[in-house]
Amino acid sequence: MRDGFTQLELIVVIVIIGILSYAAIPKLSANRDDANIAVEVSKMGVCLEESSVYYLVHNTHIPVGYSSSCDDLICYSRTTNGASLIVTTDATAENYCADIDEIGGHLAQTYNF
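Everything in the sequence shown is counted per the numbering used here, starting at 7 for the first residue and increasing by one.
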């Protein structure tokens, strides 16, 4: 009776695990990127709501440091022009921002308060 596995059997199993890992890692990376984009789009939605309310109450745009949702944006940039808030996307800010136009591009526009 054999007590254990042969060296060849162990090498075959390690090679199979390596092949499966090689196939799975890009999928996990894509899922992480999708989650980062979803967070970014969600933060932009909250930032727009906060900006609108702040402008209605204070008759000025939301200052830097007032809202973490607005301050932590990576794939979007905001500029102001009078009563308008101009939102644009920056697909080069991070690797995962490459798909921001496709997923959250509908938020990139001019908002008039």
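All residues carry an ideal CB built from backbone N, CA and C; glycine is no exception. Computed from a predicted structure; not experimentally measured.
Distance, residue j Cα to residue i Cα
i	j	result
Gln115	Met50	12 Å
Lys33	Gly71	36 Å
Asn101	Ile109	14 Å
Thr86	Ile20	57 Å
His112	Tyr28	35 Å
Thr95	Phe11	56 Å
Ala30	Asn118	45 Å
Start and end residues, beta strand (DSSP E) containing residue i
i	result
Tyr82	82-87
Paired residues, beta bridge with residue i - DSSP
i	result
Ser90	Asn87, Asn118
Thr95	Tyr82
Environment of residue i [buried if 16+ CB atoms lie within 10 Å]
i	result
His64	exposed
Glu46	buried
Endpoints, the alpha helix (DSSP H) within which residue i is located
i	result
Cys76	74-77
Asn42	13-64
Beta-carbon contacts of residue i that lie in its chain and below 8 Å, excluding the five residues immediately before and after
i	result
Asp77	Val70, Gly71
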